[in-house]
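What the sequence shown shows, in our numbering, is residues 2 to 555, in sequence order.
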Amino acid sequence: MISIQGQGASAGVICGPLYLFRRAPAPIAVDVAEDPGAEWARFKAAQTRASAQLEALAQRALERAGQEAADLFLTHQLLAEDLDLEDSVQRMIRLDGMNAEAAVDATSRHFMQFFLEMEDPYMRARAADVQDVGRRLLNILAGRVEAQLDLEFPVVLVSDDLAPSETIQLDKSKILAFVTEAGSITSHTAILARTMGIPAVVAAEGILHPQYEGQEVFVDGETGEVFLNADEPTRAALLAKRETQQRLALLLHDLKGKPNETLDGRMVQVACNISGPEDLPAVKANEGNGIGLLRSELLYLQTASCPTEEEQFCFYRNILEQMEGKLVVIRTLDIGADKQVDYLQLPAEENPALGMRAVRLCLTRPDLFRVQLRALYRASACGRMAILLPMIVSPWEFEACRDLCCEVQAELAAEGIPFDKNVPLGVMIETPAAAMMSEELAQLADFFSVGTNDLTQYTLACDRQSGVLDRFYDPHHPAVLRMIHRAADSIHRYGKWIGICGELAGDQQLTELFLAMGIDELSVSPNQVLPLRGTIRSIDTRLNRERLLDELGL
Ligand code: PEP
Ligand code: MG
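Printed below as a string of structure tokens:
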């Protein structure tokens, strides 16, 4: 078995024969132009033609993949007509004596380089759009017709890279999936693959081997894995995964666009827990109502040194922009306990779970915290954000964090940097102390989220990491559930909302009880959204409320 690890760009498991897509490079005549006027006229004619082609492609994209995809080609059209691009081509033709092909090639390379040097991965991926438009102009200038795929049977298409305009023209009935050796998950090609529902893997280094042509290949568009000659256990696991995906797709089909409403008309938010932008396609595919928990510390865990303000800003902004106005709850740094980073050089502790973690670390190292808060508030101008503080046990800790937030806001205002002045500041209920102090905390914070993983650990004095304690680590324990009920009661008394973002949120044995307690939001991993939505829509909260709360002794 040969396995190649790429990046999952569009989810879905598929199996089929591998087809190598070969594209001849556009010939570029670099001769000195004899007649600059004629070259300029050739360029202008090519530009007009490209613009018309892109308009037609936008129409095609609208029919095949919706408005978002159509907008992409309208953006390409603007790019083809861009005045800076035109200026550059004109200069090269008139002053440097280049012919139209050479001027277009040099200009698009220059523009691509400009995007490739950007720090933000999303902006870097825009280089592929420039390349696509440049290639179109060159093809027109060279009188070349775009390569058309004429396939007799469905294949897994493998290529060095695919341009967005090539992707939109793929015949969905003949393309089972595509795998590219280059590319990125934020490229428009990947975005189109997701909207068109074609499983895709990008950055699969080594896939372009002529010997692989025609072989059976398995593609997992979620994990980014590609297998040739898959062995029996791999094959069985992938087929089982495919079956689950098909079941969820049917469920989505049933639930699409329907509200998360109980039979008696109560609306419940079902949001998602994510680690970074790579999880967003799954959030969208499952129609998550927003992000209930972004564990920001995972960004710190991936780097060799503390992420800078700019790096964090780009990371948060990207997520907020992609969530298009839906609420994104970002938890501040929750380092410590089981999540350690070497570069912070934190002293070893006897009991790390009870030690310098989360908000305790942030209040002890305000230098660190300020960088994150500045990045967060700067990003708040780009979407709808809320900030969530982990491991709060006392009101003074919340107040100290809020003071730092106010200082950071004042700093940004003085620097003339835009931010949202009304970012809600929330508290995680993940210790018995927070649950018991919920009455006081409810008067301070804007919203709450129950971290049942830690709440169980601290309520039951039972290490969540220890395999041998499984029997004793019981998140259904009445002590844990009573804590949640107590917190929900006091928080609602002050008109604030409360969600659950620990693993228990997705436990459907408890959904009815949580709704009986009045929990406003359940935040789960994206693949749990649909089953949970199905359960919520089957519950009548009036039927068993009293009995469920009675059974808990509430
Ligand atoms: C929790 O404790 O339930 C929680 C959501 O936070 P984490 O699992 O990241 O500690
Ligand atoms: Mg926790």
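We put the beta carbon where it would ideally sit given N, CA and C, even for glycine.
Small disclaimer: the values here were computed from a predicted structure and weren't measured.
* **C-alpha distance - Leu251 paired with Arg534, whole-angstrom precision** => 13 Å
* Separation of Pro200 from Asp508, as counted between CA atoms -> 29 Å
* Buried or exposed: which applies to Ala62, given that a residue is buried once 16 or more other Cβ atoms fall within 10 Å of its Cβ? -> buried
* Asked: What's the gap between the Cα of Leu347 and the Cα of Phe219?
  -> 44 Å
* Where Leu249 falls: helix, strand or coil (DSSP) -> helix
* **Residues sharing a beta bridge with Asn274, DSSP** => Leu294
* To do: Below 6 Å CB to CB, which residues in the same chain sit around Pro260 once its five sequence neighbours on both sides are set aside?
  => none
* To do: With the ligand MG as the reference, list in chain order each residue whose Cβ lies under 5 Å from any of its heavy atoms.
  => Glu431, Gly452, Asp455
* Ala10 burial status per 10 Å Cβ neighbour count (16 or more: buried) -> buried
* Is the segment 398-411 touching the segment 420-433, taking contact as three or more C-beta pairs under 8 Å? -> yes
* Could you tell me if the beta carbon of Gly503 falls within a distance shorter than 6 Å of some heavy atom in the ligand PEP? => yes
* Nonlocal neighbours in the same chain, by C-beta distance under 8 Å from Gln444, ignoring five residues either side -> Tyr495
* Asked: According to DSSP, which residues form a beta bridge with Leu19?
  -> Val157
* To do: Report yes if the CB atom of Glu298 is closer than 7 Å to the CB atom of Asp339, and no otherwise.
  => no
* Asked: Where does Ile199 fall in DSSP's three states?
  -> coil
* To do: Mark Gln510 as exposed unless 16 or more other C-beta atoms lie within 10 angstroms of its C-beta, in which case mark it buried.
  => exposed
* **Residues of its chain near Asp447, where Cβ-Cβ distance is below 7 Å and the 5 sequence neighbours each way are ignored** => Pro425, Leu426, Gly427, Lys497
* If you scan the segment 347-426 from start to end, which runs of the alpha helix (DSSP H) of 4 or more residues do you find wholly inside it? -> 359-365, 367-380, 396-416
* Using the Cα positions of Leu300 and Glu310, report the straight-line distance between them to the nearest angstrom. => 12 Å
* To do: Please confirm if the segment 116-134 is in contact with the segment 148-165, defined as three or more CB-CB distances below 8 Å between the two stretches.
  => yes
* Asked: Less than 6 Å between the CB of Arg296 and some heavy atom of the ligand PEP, yes or no?
  -> yes
* Is the beta carbon of Glu322 less than 7 Å from the beta carbon of Cys383? -> yes
* Asked: Looking at the structure shown, is Thr309 part of a helix, part of a strand, or coil, going by DSSP?
  -> coil
* **Lys562 versus Ala104 - alpha carbon distance** => The displayed coordinates of the chain run from 2 to 555. Any statement about residue 562 would go beyond what the structure contains.
* Buried or exposed by the 16-neighbour rule on C-beta atoms within 10 Å, applied to Ala517 -> buried
* Asked: What do you get for Arg145, buried or exposed, if any count of 16 or more other CB atoms within 10 angstroms of its CB means buried?
  -> exposed
* DSSP state of Phe179 mapped onto helix, strand, coil -> strand
* To do: From the DSSP output, in three-state form, read off Gln8 for me.
  => strand
* Got a sec, what are the start and stop residues for the beta strand (DSSP E) Phe219 sits in? -> 217-221
* Between Val360 and Met392, is the Cβ-Cβ spacing less than 7 Å? -> yes
* **Element boundaries [beta strand (DSSP E), containing Ser524]** => 522-525
* To do: List the residues that DSSP assigns as beta-bridge partners of Val33.
  => Met99
* To do: Classify Gln78 as buried or exposed, calling it buried when 16 or more other Cβ atoms lie within 10 Å of its own Cβ.
  => buried
* Asked: Exposed or buried, what is Pro527 when buried is set at 16 or more other beta-carbons lying within 10 Å of its beta-carbon?
  -> buried
* To do: State the Cα-Cα distance for the pair Arg548 and Leu389, rounded to the nearest angstrom.
  => 33 Å
* **Val14 versus Thr245: straight-line alpha-carbon distance, rounded** => 10 Å
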